[in-house]
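Next up, the structure:
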């Protein structure tokens, strides 16, 4: 009987300490959109995407009457879509988003997905993403897929204030 009371006491003690810890710990860091100085960067940002394959809309995407058509290429920053292309994309031709909006000071992250055609399901595919600030390259990476899979992932880059990067002289 003592063991049962001891086990219940230990569980109550554990739950109480855990509750106190959860109430007094600091909250999660604020997302980039909420940070002080919500000013967009003054510099011009440009995004360039080049696929090594002919991307086409995802044939397995769930579609409803009110949904957007499935994308061949989709890029998002946070909850905002940067680019959605729902038609076939030719291989090797760069797709440019300029100016790239929504860049904030500090760390930024872009999620992407590109869907290969079903006819050629074997083999790996590549997607090159380059992000530039004025003429300076901030990020330039090539992402590879598993054989037959889509190319997807995230690219991270750091932007500094446009005024600090300005090369104009008075």
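Numbering (the working numbering), first residue to last: 520 to 689. Glycine included, C-beta positions come from ideal geometry on N, C-alpha and C.
*Using CA coordinates, which residue listed in 595, 603, 578, 671 is at the minimum distance from residue 647?*
671
*Compare the Cα-Cα distances from residue 660 to each of 642, 668, 666, 673 and report the closest residue.*
673
_Range of the contiguous alpha helix (DSSP H) that encloses residue 542_ = 521-543
_Proximity winner among 562, 533, 583, 527, relative to residue 623 (alpha-carbon distances)_ = 562
_Reduced DSSP category for residue 610 - H, G, I as helix; E, B as strand; rest coil_ = coil
*How do the segment 531-546 and the segment 616-636 stand: do at least 3 beta-carbon pairs fall below 8 Å, yes or no?*
no
*Near residue 642, which residues of its chain fall below 8 Å by C-beta distance, leaving aside the five closest residues on each side in sequence?*
666, 667
_Does residue 567 come out as helix, strand or coil in the three-state DSSP assignment?_
strand
*In three-state terms, what does DSSP make of residue 698?*
Lying outside 520 to 689, the shown extent of the chain, residue 698 is not represented and no answer is given.
*Do you know offhand how far residue 657's Cα is from residue 675's?*
9 Å
*Whole-number beta carbon distance between residue 634 and residue 669, since they are thought to touch under 8 Å*: 5 Å
*Determine the extent of the beta strand (DSSP E) in which residue 625 is found, giving its start and end residues.*
625-633
_Residue(s) in a DSSP beta bridge with residue 658_ = 650
*Buried versus exposed, by CB contacts within 10 Å (16 or more), residue 618*: exposed
*asked:* Less than 7 Å between C-beta atoms, sequence neighbours within five positions excluded: which residues of the same chain meet that for residue 637?
replied: 578
*To which residues does DSSP link residue 583 through a beta bridge?*
Answer is none; residue 583 lacks a bridge partner.
_For residue 566, which residues in the same chain have their Cβ closer than 6 Å to its Cβ, ignoring the five residues on either side in sequence?_
616, 619, 650
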